[in-house]
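Report on one structure; see the data block that follows.
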Amino acid sequence: MPLPADMDQLYSSLMEEEDTRVCKDIPESACSNVPQNFFRQVAATTLTSLGDTLTNPKTTLAWLMGIVGAPVALVAWLVPIRESGSMLPQLFIAAYVRQMQKRKRVWIVGSLIQAAALLAMGAAAWLSTGLLAGLLILGCLVVFSLARGLCSVASKDVIGKTVPKTRRGRLNGLASSLSGWLALAFGIYCMIWPPADDNTLFYAALLVISALLWVAASLIYTVIDEAPGATEGGDNAVRQALSKISLLRDDAPFRRFVITRALLLCSALSAPYYVLLGQELNSSLSMLGAFLVANGLASSLSAMFWGRMADKSSKQVLIRAAFLASLLGPAVVAVHLWVELPQMIHAWLFPVAFFVLGIAHAGVRVGRKTYVLDMAGGNKRTDYVAVGNSIIGLLLLFTGLFGLLSSLIGAAGMLVLLSAIGLAGALLSFTLNDVQS
704 MPLPADMDQL YSSLMEEEDT RVCKDIPESA CSNVPQNFFR QVAATTLTSL
754 GDTLTNPKTT LAWLMGIVGA PVALVAWLVP IRESGSMLPQ LFIAAYVRQM
804 QKRKRVWIVG SLIQAAALLA MGAAAWLSTG LLAGLLILGC LVVFSLARGL
854 CSVASKDVIG KTVPKTRRGR LNGLASSLSG WLALAFGIYC MIWPPADDNT
904 LFYAALLVIS ALLWVAASLI YTVIDEAPGA TEGGDNAVRQ ALSKISLLRD
954 DAPFRRFVIT RALLLCSALS APYYVLLGQE LNSSLSMLGA FLVANGLASS
1004 LSAMFWGRMA DKSSKQVLIR AAFLASLLGP AVVAVHLWVE LPQMIHAWLF
1054 PVAFFVLGIA HAGVRVGRKT YVLDMAGGNK RTDYVAVGNS IIGLLLLFTG
1104 LFGLLSSLIG AAGMLVLLSA IGLAGALLSF TLNDVQS
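Residue 704 is where the sequence shown starts when you use the numbering used here, and the numbers rise one by one after that.
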């Protein structure tokens, strides 16, 4: 089903195409369907990104666990399960996905499973309390994360077959910007009309609304026009999956990318320490709302800019975003420790810094997603995504050790340490190949 003419013109305007449509690195049969596939994937990604914000384990789910009276020990498992659970199995998921000519069905199934898991999570929060509620929520989160892995592997292939190279960064950037504006509206709502601390119904309803976002996204995905792709079958899936780990040994450009991506985790891992330092100075709900607004505003304003830049050189996006994230931490710590500021201004230093960090993190996300999309095509891209995400998922399991270290050097010390790691990632980014050329 073709898009209206005005949407086709909007695509041409966004891509700055006047006469000839760019169809680089996609099947010839997909060229005429690029605009509709582009906007449908923007819509689906926007909905799921908003859902991710509304069900963030660092905010919504952590608050929910506290409301239902779950043990604190269970709360500590939210982020590792959410992140590692979706990444670790991708090596094995990809072995099965590789056998399918059309991968959008995998994304649809994964999206519907995520919706079902969120509905079950909302029911668990509403109908149970204490240890039982905590265990049920974690169980639902495990299912959600595994399904998220399905979508992660499949989406890269679908984008790679339907959106041309030099246009994929703008897809990720536009979706991030739109979801960021919606998340910003949600943050402002929470600042003006904050829910009661014990309002279980509010959080359960939030999970139901998020589930509906994934259902809507899956419906949009059904009308994406995906051409059949290469398949591999007949081999044992586990043996085939494990054999792909050799990519880290044999493929030097891919190995450098994975190491760089691992070092650039600092842009995500440092975020809680900005919040902790701000909370020490002002623990009011308005300060929490300020952090939510700063994060949404940063993504909204910067993601499309990063996306356009990534279509020209995702390597340069990674370099610039990494330097911004790694130099920010020491600067903020220096002002915090050695510059005398009025208490009110001092407290608001951290939401402002969080806004800048959000811009940098958006660049890292858009840059690395576009980079891996453009590194290779077909099943090789599937292998790159699966191996890279599995390795990062494994590393994320060990980031819990930072909790022990932070008790020794404090939040400010952790910011400096993570910034140093990020600086190493920024320097290593210079050695990456320019995959857009």
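By construction, the Cβ of each residue, glycine as well, lies at the ideal position given by its N, Cα and C atoms.
All of these numbers come straight from a predicted model, not from anything done at the bench.
Counting other Cβ atoms within 10 Å of its Cβ, Ser1002 reaches 16 or more and is therefore classed as buried.
With contacts defined as CB atoms closer than 8 Å, Leu980 and His1039 qualify as a contacting pair.
Restricting attention to Leu844, Phe994, Lys864 and Ser1093, the CA atom closest to the CA of Leu1052 is found in Phe994. Segment contact: the region 1060–1067 against the region 968–979, three or more CB-CB distances shorter than 8 Å; contact assigned.
For Val812, the uninterrupted alpha helix (DSSP H) run begins and ends at Lys807 to Leu830, by DSSP. If you check the CB distance, Ser879 and Ala1006 come in under 8 Å. Rounded to whole angstroms, Leu830 and Ala914 show a C-alpha spacing of 18 Å. Minimum Cα-Cα distance from Ala1114 among the listed residues Leu777, Val1042, Ala828 and Val1035 corresponds to Val1035.
Residue state for Glu786 is assigned as helix, using DSSP reduced to three classes. A distance of 8 Å or more separates the beta carbons of Gly813 and Arg870. Per the Cβ contact rule, the region 806–820 is not in contact with the region 946–954 (fewer than 3 Cβ pairs under 8 Å). For Thr925, the closest of Asn1136, Asn740, Phe1133 and Ser1122 by C-alpha to C-alpha distance is Asn740. Distance between Arg1011 and Leu922, taken at the CA atoms: about 28 Å. Annotated three-state conformation of Ile770 is helix, per DSSP.
Leu753 places its beta carbon less than 8 Å from that of Ser882. By the C-beta criterion, the region 1117–1132 is judged to be in contact with the region 1021–1033, since at least 3 inter-stretch pairs fall below 8 Å.
Between the region 786–795 and the region 840–848 there are three or more C-beta pairs closer than 8 Å, enough to call the two in contact. The beta carbon of Asn736 lies closer than 6 Å to those of Asp928 in the same chain, with the five residues before and after it left out.
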